[in-house]
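J.: Mind having a look at this structure? Questions to follow.
Shown next as structure tokens:
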């Protein structure tokens with residue numbers, strides 16, 4: 073990748089989080105590093121009317137509401153972090169901003185992490201949270217079970233894409249899907265090095281932790297590109313030019329479009345992996361947030 077293409081704010085952003093070479097031994101330090109960088113990267117987010125912890129069908133989650141009316145549409149959100157890092161805390165600021173800007177509630181799922189709980193744990197947790205959203209528990213929180221959008225960033229984007237397809241297979245109609253810098257292709261051929269926040273060895277570690285060698289990675293729950301994509305809900309796919317994952321995210325958007333799914337796919341020039349989460353560092357993150365809000369208002 074051409075370093076002259078790097079956005080000036082991206083240069084500064086890459087200095088915020090201390091990167092730790094990923095191994096099972098260093099994973100606790102990497103998890104801590106992500107947590108420690110969150111205030112500088114994301115900020116605290118706006119104050120909103122209600123933030124509560126809920127048990128979403130046995131899965132811990134955090135529910136954000138910036139309104140007091142009943143039958144509020146809801147975004148089912150899966151955080152990023154390579155399936156091995158991240159939490160509702162690292163994505164609290166993003167979820168607050170999304171709830172405040174859109175008028176939708178946001179249910180942020182604290183799914184089980186690999187390698188302690190590899191596939192299908194995270195996928196199953198998302199499915200259980202979706203089932204809860206469609207039942208009486210969510211209704212007691214004033215949520216509309218008929219207007220659910222699934223969303224996620226990075227590995228959370230993978231979980232969102234899989235959840236959307238599994239919902240369709242179960243006869244559940246979702247309002248939309250939001251995929252931010254998503255992981256899509258377990259067989260992607262990445263370049264050897266990438267100094268822009270994500271590299272090939274990290275992706276190998278993430279996939280091996282989530283779907284260890286011996287697991288069939290060609291199944292649609294792991295490789296969404298191999299799934300039948302017809303009948304899926306409208307999608308917004310956001311990619312970043314200098315992100316290792318941009319090609320697979322854009323390939324998935326093209327596959328969705330070819331299957332007849334309404335898609336808005338946007339590549340942000342000069343930017344790096346998962347910039348939309350880093351609202352304290354990137355002007356473009358707020359533009360992306362406005363784009364997502366516009367889509368939710370249409371859905």
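In the working numbering, the protein residues as written are 73 to 371. Think of the CB as a built atom: it goes at the ideal place given N, C-alpha and C, for glycine as much as any other residue.
(1) For residue 135, which beta-bridge partners are listed by DSSP?
(2) Does the separation of the CB atoms of residue 282 and residue 190 fall below 8 Å?
(3) Going by the CB atoms, is the gap between residue 251 and residue 181 shorter than 8 Å?
(4) Between which two residues does the alpha helix (DSSP H) harbouring residue 234 extend?
(5) Going by CA-CA distance only, name the one from 323, 353, 124, 286 that's closest to residue 79.
(6) What does the alpha-carbon distance come out to for the pair residue 118 and residue 346?
(7) Count the other CB atoms within 10 Å of the CB of residue 70; is the residue buried (16 or more) or exposed (fewer)?
(8) For the beta strand (DSSP E) containing residue 250, name the first residue and the last one.
(9) Using the Cα positions of residue 263 and residue 357, report the straight-line distance between them to the nearest angstrom.
(10) In the stretch 253-326, which residue ranges form an unbroken alpha helix (DSSP H) of at least 4 residues, counting only runs that do not cross its ends?
(11) Please name the residue in 198, 332, 342, 122 whose C-alpha comes closest to that of residue 149.
(12) Can you find the residues in the same chain that come closer than 6 Å, C-beta to C-beta, to residue 336, ignoring five residues on each side of it along the sequence?
(13) For a test of the three-state rule: what should DSSP assign to residue 161, helix, strand or coil?
(14) Determine the direct distance from the alpha carbon of residue 255 to that of residue 123, and round the result to whole angstroms.
(15) Whether or not the stretch 287-304 and the stretch 318-330 are in contact is what I'm after, with contact meaning three or more pairs of Cβ atoms, one per stretch, closer than 8 Å; do they touch?
T.: In terms of the structure at hand:
(1) 124, 179
(2) yes
(3) no
(4) 227-241
(5) 353
(6) 20 Å
(7) Within the shown structure, residues of the chain are numbered from 73 to 371, placing residue 70 beyond reach of any answer.
(8) 248-252
(9) 26 Å
(10) 272-282
(11) 198
(12) 308
(13) coil
(14) 28 Å
(15) yes
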